[in-house]
Amino acid sequence: MPVIVCPSCDLAHRTAMERASERTRCARCQASLQRPENGSIDTAIALSIAALVLFLLSNAYPLVAIQTNGSTRSTTLVGAALGFYRQDHAGLAALVFITTVVGPFLQIAGLLYLLIPLRRKQQAPGQTTVFRLLALVRPWTFIEVFMLGALVALVRVAAYARVLPGVALWSCALLMLTLAALTSRTSPGQFWRWVEGSEA
Amino acid sequence: MNPPATGRSLGLLVCLQCHATVRALQVPHPRCPRCRAHLFQRKRHSLALTAALLLCAAILYVPANLLPVMYTDTIFDEERDTIMSGVLVLLHSGSWPIAVLVFIASIVVPLLKIVSLSVVLFSAWRRSPRYRTQRSELFRMVEFIGRWSMLDVYAISLLVALVQIRSLAFVAVGWGALAFAAVVVLTQFAARTFDERLLWETPP
Chain Z
132 MPVIVCPSCD LAHRTAMERA SERTRCARCQ ASLQRPENGS IDTAIALSIA
182 ALVLFLLSNA YPLVAIQTNG STRSTTLVGA ALGFYRQDHA GLAALVFITT
232 VVGPFLQIAG LLYLLIPLRR KQQAPGQTTV FRLLALVRPW TFIEVFMLGA
282 LVALVRVAAY ARVLPGVALW SCALLMLTLA ALTSRTSPGQ FWRWVEGSEA
Chain Y
88 MNPPATGRSL GLLVCLQCHA TVRALQVPHP RCPRCRAHLF QRKRHSLALT
138 AALLLCAAIL YVPANLLPVM YTDTIFDEER DTIMSGVLVL LHSGSWPIAV
188 LVFIASIVVP LLKIVSLSVV LFSAWRRSPR YRTQRSELFR MVEFIGRWSM
238 LDVYAISLLV ALVQIRSLAF VAVGWGALAF AAVVVLTQFA ARTFDERLLW
288 ETPP
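Heads up: the sequence lines are chains Z and Y, in that order.
Residues 132 to 331 in this note's numbering are what the first sequence spells out, letter by letter.
Residues 88 to 291 in this note's numbering are what the second sequence spells out, letter by letter.
Right, dumping it as structure tokens:
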């Protein structure tokens, strides 16, 4: 019987040869050990493409505009990072840019790069490198936190000015949901299951 | 009772990137045969790195809360907002659910993170055998909620980008925002460098 080791507490477990049909937890530390992982690669690719379109919309259109005494000012997603940069806070600008633009883009583009060849039972060149890059980027994608932050900012501005939500605000909200669905369907375990399927 | 079989006792390594279980080979820098990530019995210098990052975060937590994160110039007056006064502004403007949200994300979560990580770090260092499951779960919760404290940084970034109508209102970034962002990033890294498995090491 194969043995798997819990990544959270190092306890060794014996498992059945066939894949787990439901979620299993570590007997000692209760960390999630196995998930069913029988998702469809087509769904994952469809979600990635949807996320890519939403990402492009979110960056092409203004996020929000404010109106006071006839003058209007709007900002885009990148504009939020640029605001920090213009006030000589390059570190903060980089943090916002990486977590709201670079992170989501690398995640979406990386997944498409890996999954499209896998669907045709091929492996993308540099597959393992891109996989590890994705694992590195994944914890630094903060779109959902950004959306909530935007809500807080808009509530504060609404006291002074008229707030006009832009196209990107809606596409960003949809991107947040799409990315959540995509992330849960492309866990590392699921990804390597597809890779093994392409080798068989 | 025999000690439970672990990866270490069986000579097995688990890849932290792809969760493959691998037989430990006696080579200098083993890599995962599946995803080529480096394999470690335990993360290197885990306790020291986590302690150092956590200490920096705890020190920066003070300026993050005392220094203004944002200056607002309007034609009427000039305001300097700290994280806490930002919460109070939201509370007085009548949007208390948002005020509660910001209070939890910006004040409670960073503090909870620093305290919880210290507790977990201390018990791993002492190899304390009690409440291991709870501590393990505490650590995973901290990892999960930690990202939400970035909320205020994003709110400030949008205010800075939007409110730049020079004659009427102008928002400038304060150094508190940088200290605050540094606390969030440092605690995120502290959670990454900590090796959970050290909580389960059997006492000598």
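A virtual CB, placed ideally from N, CA and C, is assigned to each residue, including glycine.
Item, Value
"Cutoff 9 Å: alanine 211 of chain Z Cβ touching any chain Y Cβ", "yes"
"Anticipated Cβ contact below 8 Å, isoleucine 274 of chain Z with leucine 310 of chain Z, distance rounded", "6 Å"
"Minimum C-alpha distance to serine 223 of chain Y - residue among Y/Arg95, Y/Phe281, Y/Ala144", "Y/Phe281"
"For glutamine 238 of chain Z, the nearest candidate out of Z/Arg204, Z/Arg287, Z/Gln198, Z/Trp271 (CA to CA)", "Z/Trp271"
"Helix, strand or coil at leucine 154 of chain Y according to DSSP, with G and I counted as helix", "coil"
"Residues, ordered as in the chain, of the region 203-228 of chain Z that lie near chain Y by beta-carbon distance below 9 Å", "Arg204, Ser205, Thr206, Thr207, Gly210, Ala211, Ala212, Leu213, Gly214, Phe215, Arg217, Gln218, Asp219, His220, Gly222, Leu223, Ala224, Leu226, Val227"
"Runs of alpha helix (DSSP H) lying entirely within the region 161-228 of chain Z, each at least 4 residues, in chain order", "172-191, 208-217, 221-228"
"Between the CA atoms of alanine 256 of chain Y and isoleucine 162 of chain Y - distance to the nearest angstrom", "7 Å"
"Local conformation of valine 149 of chain Y per DSSP, three classes", "helix"
"Distance, glutamine 321 of chain Z Cα to methionine 237 of chain Y Cα", "29 Å"
"Backbone CA spacing between isoleucine 201 of chain Y and cysteine 143 of chain Y [nearest angstrom]", "10 Å"
"The beta strand (DSSP E) enclosing arginine 110 of chain Y, as first and last residue numbers", "108-110"
"Inter-residue spacing [alpha-carbon to alpha-carbon] between glutamine 254 of chain Z and threonine 260 of chain Z", "12 Å"
"Alpha carbon of isoleucine 135 of chain Z to alpha carbon of glutamate 330 of chain Z, nearest angstrom", "22 Å"
"Stretch pair the region 261-278 of chain Y + the region 295-306 of chain Z: three plus CB contacts closer than 8 Å", "no"
"Proximal chain A residues relative to threonine 108 of chain Y, where beta-carbon distance stays under 7 Å", "Absent from the structure is chain A; the protein chains it does hold are Z and Y."
"CB contact flag (leucine 164 of chain Z, alanine 92 of chain Y, <9 Å)", "no"
"Of the listed residues Y/Gly181, Y/Ala151, Y/Thr289, Y/Val271, nearest to arginine 219 of chain Y (C-alpha basis)", "Y/Thr289"
"Chain-ordered neighbours of tyrosine 218 of chain Y on chain Z, where CB pairs are closer than 8 Å", "Correct list: empty, because the minimum Cβ distance to chain Z is about 12 Å."
"The region 123-139 of chain Y touching the region 180-200 of chain Y, judged by at least three CB pairs closer than 8 Å", "no"
"Cβ contact (3+ pairs, closer than 8 Å) linking the region 171-185 of chain Y and the region 244-251 of chain Y", "no"
"Proximity test, Cβ basis, 9 Å: isoleucine 185 of chain Y and chain Z", "yes"
"Classification of histidine 116 of chain Y by the beta-carbon crowding that lies within 10 angstroms, buried from 16 upward", "exposed"
"Contacts around leucine 273 of chain Y, its chain only, beta-carbon distance under 8 Å, and the 5 residues preceding and following it disregarded", "Leu140, Leu141, Cys143, Ala144, Leu147"
"Within-9 Å CB hit, proline 235 of chain Z to chain Y", "no"
"Interface flag, serine 139 of chain Z vs chain Y, CB-CB below 9 Å", "yes"
"CA-to-CA distance, phenylalanine 127 of chain Y to leucine 178 of chain Z, given in whole angstroms", "34 Å"
"Beta-carbon gap between valine 294 of chain Z and leucine 285 of chain Z smaller than 9 Å", "yes"
"Check whether leucine 285 of chain Y and alanine 211 of chain Y have beta carbons under 9 Å apart", "yes"
"Selection of the region 91-103 of chain Y by Cβ proximity to chain Z, strictly under 9 Å", "Pro91, Ala92, Thr93, Gly94, Arg95, Ser96, Leu97, Leu99, Leu100, Val101, Cys102, Leu103"
"Own chain residues within Cβ distance below 7 Å of glutamine 198 of chain Z, not counting five before or after", "Ala292, Arg293, Leu295"
"Under 7 Å from the C-beta of glutamate 283 of chain Y: neighbouring residues of chain Z", "Ser139, Cys140"
"Alpha helix (DSSP H) runs contained entirely in the region 211-241 of chain Y, provided each spans 4 or more residues", "219-232"
"Where the beta strand (DSSP E) containing histidine 116 of chain Y begins and where it ends", "No beta strand (DSSP E) holds histidine 116 of chain Y; DSSP gives it neither H nor E."
"Exposure of tryptophan 183 of chain Y, with buried meaning 16 or more beta-carbon neighbours within 10 Å", "exposed"
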